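Residue 12 is where the sequence shown starts when you use our numbering, and the numbers rise one by one after that.
Input: a single structure, listed below in structure tokens.
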Amino acid sequence: MMNVFDEKIVPYVDIDDQILEILAKKQLNKKLAITGVQKKLSLDLAKETGKSSRMTVTDLWGRFIFKPKGAPPYLPENEHLCLKLAQVAKIQVEKAALIPTKSGALGLMAARFDRNSSHDEFHQEDFCQILNKESFKKYNGSLEQVGKILKQKSDFPGDNLYRLYEQTIFNFIIGNVDAHLKNISLVYENETGKKILLSPAYDLISTDLYISDDHEESALAINGKKNKLDRADFLSLAAGYGISLKTHDKITHKFQKILPIWDKIIDKSFIENNKKIEFKKLIRKKIKRLCV
Numbered sequence: 012m013m014n015v016f017d018e019k020i021v022p023y024v025d026i027d028d029q030i031l032e033i034l035a036k037k038q039l040n041k042k043l044a045i046t047g048v049q050k051k052l053s054l055d056l057a058k059e060t061g062k063s064s065r066m067t068v069t070d071l072w073g074r075f076i077f078k079p080k081g082a083p084p085y086l087p088e089n090e091h092l093c094l095k096l097a098q099v100a101k102i103q104v105e106k107a108a109l110i111p112t113k114s115g116a117l118g119l120m121a122a123r124f125d126r127n128s129s130h131d132e133f134h135q136e137d138f139c140q141i142l143n144k145e146s147f148k149k150y151n152g153s154l155e156q157v158g159k160i161l162k163q164k165s166d167f168p169g170d171n172l173y174r175l176y177e178q179t180i181f182n183f184i185i186g187n188v189d190a191h192l193k194n195i196s197l198v199y200e201n202e203t204g205k206k207i208l209l210s211p212a213y214d215l216i217s218t219d220l221y222i223s224d225d226h227e228e229s230a231l232a233i234n235g236k237k238n239k240l241d242r243a244d245f246l247s248l249a250a251g252y253g254i255s256l257k258t259h260d261k262i263t264h265k266f267q268k269i270l271p272i273w274d275k276i277i278d279k280s281f282i283e284n285n286k287k288i289e290f291k292k293l294i295r296k297k298i299k300r301l302c303v
């Protein structure tokens, strides 16, 4: 489990699933910082003497985001698995853990990354906001466009572009076709806003496990395409980011090398058994398309 709560005992969500559903829909309709298709709740810790901490619902600005079970099934388990795979690959991700609700169903609890160690808030912008696009246009864009802005606005652009490219490769490999403009953000890590960085990766889900074979392979265009992507398309993107062929191969070979570790993590995960087999096949198929 990632160190999400700074607690020796895992907190619990003492709320009925039906109430969670109602509260999540209410917050979803507020169309603010934690909106999205997936139901989400803003929570915070309430200390209880001599007991494990209890999570309480807040009005959007809690330190944690909770994603309860929903449709498709096992969505929190899927996201938790993908975050663990990314973490093993040394990709910077949001801190998250699976915790049970009152019924015993698992939900995903993520610590907000727009807070510092003292829990003070700092500014975050997703790329819909940066590009002045309305949320429903979050799929209208390209990763070349995102990279260009990242290069212009961020500190340490070379490092940030490398991280974005690595995340893009990872999303392709796991079959995440929902890495749209709202799922890529910049964080401003001090009050003056002068330290601007690519945020940790978040909302990592293998959407390929839930949809048919006839679909787009990327939420945002790569080399003018969203499907039938190949090695040449990614190398074109890499060149625009200032990333060499050698570095591309280093990234893809890293993923190849950790496949046995990924297999063990997938086998021990909480997704359906048939999806575990399907996921391992999908990952190998995608990696093969990126390598020589």
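C-beta atoms are modelled at their ideal positions from N, C-alpha and C, and glycine is treated no differently.
Keep in mind it's a predicted model, so treat the numbers as computed, not measured.
Limits of the unbroken beta strand (DSSP E) element including residue i
i    : result
E136 : Q135 to D137
P83  : Careful: P83 lies outside any beta strand (DSSP E) and carries neither H nor E.
C-beta contact flag for residue i and residue j at 8 Å
i    : j    : result
Y199 : K193 : no
D121 : E105 : Checking the displayed sequence, the identity of residue 121 turns out to be Ala instead of Asp. Yes, the Cβ-Cβ distance between A121 and E105 is below 8 Å.
E171 : L117 : Note on residue identity: the sequence assigns Asn, not Glu, to residue 171. Their beta carbons are not under 8 Å apart, which means N171 does not touch L117 by this criterion.
G251 : E177 : no
Y197 : E90  : In the sequence under discussion, the amino acid at residue 197 is Leu, which differs from the Tyr named in the question. Contact flag unset, no.
I110 : V157 : no
K78  : K51  : yes
E136 : S280 : no
I276 : L119 : no
F245 : L301 : yes
T67  : L86  : no
Reduced DSSP secondary structure (H/G/I, E/B, other) of residue i
i    : result
Y176 : helix
T258 : helix
S146 : helix
D170 : helix
S229 : coil
S247 : helix
I288 : helix
V188 : coil
A100 : coil
Beta-bridge partners of residue i, as assigned by DSSP
i    : result
R126 : E132
P111 : L117
K236 : I233
L52  : F77
Y199 : I207
T67  : D55
Opening and closing residue of the alpha helix (DSSP H) in which residue i lies
i    : result
D274 : L270 to K279
V303 : Taken as a continuous stretch (DSSP letters only), V303 belongs to no alpha helix (DSSP H), as it is neither H nor E.
K159 : L154 to K164
Any C-beta of chain B under 8 Å from that of residue i
i    : result
S196 : Given the protein chain composition of this structure (a single chain), no chain B is represented.
Kindly confirm or deny that the stretch 283–290 and the stretch 212–232 touch, where touching means at least three C-beta pairs closer than 8 Å. In the pairwise beta carbon analysis, the stretch 283–290 is classified as touching the stretch 212–232: at least three pairs are separated by under 8 Å.
With a cut-off of 8 Å, do at least 3 Cβ pairs link the stretch 229–236 to the stretch 177–192? With the rule of 3 Cβ pairs closer than 8 Å, the stretch 229–236 counts as touching the stretch 177–192.
Kindly confirm or deny that the stretch 157–168 and the stretch 257–268 touch, where touching means at least three C-beta pairs closer than 8 Å. Touching, no, given that fewer than three Cβ pairs across the two stretches are closer than 8 Å.
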